[in-house]
Amino acid sequence: MGVITPENKDVLSFEGLHLYHSGISNCAMRVRIALEEKNLPWTSHHLDILKKEHLNPDYFGINPKGLVPTLIDDGVVIVESDDIIDHIDKKFPDSPLRPTSASGLEQMYEWMRLAVSIHMTAVKPFVYYHKVQKFMRKNQADQGKYLSLQTDKELLSFHSKASSEQGFTPEDVAQAKSILTDCFAKAERILSENDWLVENQFSLADIAWLPLHFTLVRSEFSFEEYPAIEAWALRFTERKSFKKSVLDWWPGFGD
Ligand SMILES: N[C@@H](CCC(=O)N[C@@H](CS)C(=O)NCC(=O)O)C(=O)O
């Protein structure tokens, strides 16, 4: 989706980089990593999504789906984590986070698209089942509020399931796991011969995927069968950006 025109016009006068984000959100992690890799100053607007701080008309007026992250760059509102990190790298080209060849670029975008495309079908159900649904289960008042704010059908259906008595089931998790396994098998093949996902050069592709590893490993997903991915994740944690963008914001799942 990228650049949008928000209903909440307050943000149009924001100067510099402002990020609406949540410590726990893997999508927001991508943006914080890109910002720290570039050493860019940014203003934090933190919303604790476990406490449902994002469920209010002001925020839905900025991000129509009520999701984090949202970046405001000098009054320009950008949503969707892959579009946001692409914007950051294009606008601030020092220390580039992309390969130079056309085929490398195509591969990088493919990995970014894949990371975003499996969010609703695999990452969210897996993480909700193991960690989040006990916090996110909405009471009737919260559910009513959500219904009055949310218009996106896929999210309405996702959250009505998450809030239901049963929540996500072992069958949902098995389906999610099979999608994740396909992706990680592909990444494992590449990383067993390379340090980074595309052309052996650190890029937005790695930034799109590291938060998924970080979150899934804390949600009982086993990476035992993927030693090259484990080594890649470890390499990532050694980067200067990692502590400031991921660890320092990570609240834990409350267990
Ligand atoms: N495709 C979006 C997904 C954003 C998304 O789902 N964000 C999650 C956190 S990772 C969120 O805001 N969840 C709160 C909710 O579903 O109400 C992106 O990549 O930015």
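Converting from the sequence shown to our numbering requires adding 7 to each position, the first position being numbered 1.
No residue lacks a Cβ here, since even glycine has one placed at the ideal position from N, Cα and C.
{"query": "Check: Leu42 C-beta below 7 Å from any heavy atom of ligand 1", "result": "no"}
{"query": "Completely contained beta strand (DSSP E) runs for the region 29-92, where each covers 3 or more residues", "result": "50-53, 77-80, 83-86"}
{"query": "Whole-angstrom distance between Met36 and Pro76, CA atom to CA atom", "result": "9 Å"}
{"query": "Leu11 - DSSP class collapsed to helix/strand/coil", "result": "As written in the sequence, residue 11 is Ile, which differs from the Leu given in the question. Looking at Ile11 - three-state DSSP - the assignment turns out to be strand."}
{"query": "Neighbourhood of Glu206 by C-beta distance below 8 Å, restricted to the same chain and skipping five residues each side", "result": "Pro106, Ser108, Gly111, Gln114"}
{"query": "C-beta atoms of Ile186 and Thr244 nearer than 8 Å", "result": "no"}
{"query": "heavy atom of ligand 1 below 7 Å from Pro76 C-beta", "result": "yes"}
{"query": "Sequence-distant residues of the same chain with beta carbon closer than 8 Å to Ile85, five excluded per side", "result": "Gly9, Val10, Ile11, Thr77, Leu78, Ile79, Ile91, His94"}
{"query": "Test item: CB-CB of Leu156 and Pro64 under 8 Å", "result": "yes"}
{"query": "For Lys193 and Glu117, the rounded distance between their alpha carbons", "result": "12 Å"}
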